[in-house]
Amino acid sequence: MINPNKTLSQKALAGAAFLRMHAKAMAGDDDFFVAIMSEPHTLAANAIEQLVKENAELRAQLVAFQKAANTTVAFDPAKKDSEHTWYTTFTKGARVCLRAHPYQRGTVSNTRIDDRRGHLIFVCFESEFEEDRWVKARNLELAPGK
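Counting in UniProt numbering, the sequence shown runs from 1 upward without gaps.
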C-alpha cells in the first residue's frame with residue numbers, strides 16, 4: 001500500500017514507477033507473450049506521468065490567472081487543507097469598504113452564511129469610532145488601492 005500521507009500526485013508517480021519496474025521485469029521474460037505485455041505497462045506509466053505533469057502546470061496557470069484577476073482570491077482550490085474551496089471575493093485579510101460610505105474601510109476577519117440574513121462578513125474597521133461588526137456581503141465592496 002502506498003503511504004496515505006502522500007499527495008495524490010506522489011501516489012500516482014509511485015504507481016507509475018511500479019508499472020515501469022514491472023514492465024522492465026516482464027520485458028526480460030523468455031515467454032514471448034509475457035514480454036509483449038510489458039508495452040501496455042510502459043504506456044500506462046508514461047500516461048500517468050504526463051497527466052501529473054499537465055495537472056501541475058494547469059494548477060499553476062489557474063493560480064496565476066486568479067492572482068492577475070484579483071489578488072484577494074488567489075488560492076489553490078485543490079490544495080489540501082485549503083481555507084477556501086469556492087469562489088469568494090471576500091477572503092480573510094481582504095481590504096473592504098462599505099458601499100454606502102466608501103471612506104469607512106476595514107479588513108475581513110471572518111465569513112459565514114446565515115439562513116436568514118445571507119452571506120455575512122465580519123469586518124474590523126480601521127476607524128476607532130467604527131465598531132467591528134458583521135456586515136451583509138452585498139453592502140461591501142473591495143477597497144481600491146493599498
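The beta-carbon is built from N, C-alpha and C at its ideal position, and this holds for glycine as well.
Quick check on residue 151: does DSSP put it in helix, strand or coil?
This structure leaves residue 151 out entirely; the chain is present only between 1 and 146.
What are the boundary residues of the beta strand (DSSP E) that includes Ser109?
Here the question's residue 109 lines up with position 109 in the sequence shown. Per DSSP, Ser109 belongs to the beta strand (DSSP E) from 105 to 114.
Which residues in the same chain as Ala106 place their Cβ atom closer than 7 angstroms to its Cβ, once the five residues preceding and following it in sequence are excluded?
Position 106 of the sequence shown, counted from the first residue, corresponds to residue 106. Here residue 106 is Gly; the residue named in the question, Ala, does not match the sequence. Only Val96, Val123, Cys124, Phe125, Glu126 meet the Cβ criterion.
Is there contact between the region 57 to 69 and the region 36 to 49, where contact requires at least three CB pairs shorter than 8 angstroms?
no
As assigned by DSSP and simplified to three states, the class of His101
Along the sequence shown, read from residue 1 onward, the residue named residue 101 stands at position 101. In this structure, His101 counts as coil in the three-state DSSP scheme.
Looking at the structure shown, is Arg117 part of a helix, part of a strand, or coil, going by DSSP?
By 1-based counting over the sequence shown, the position of residue 117 is 117. Coil at Arg117, not helix or strand.
Where does residue 165 fall in DSSP's three states?
Residue 165 is absent from the structure shown; the chain starts at 1 and stops at 146.
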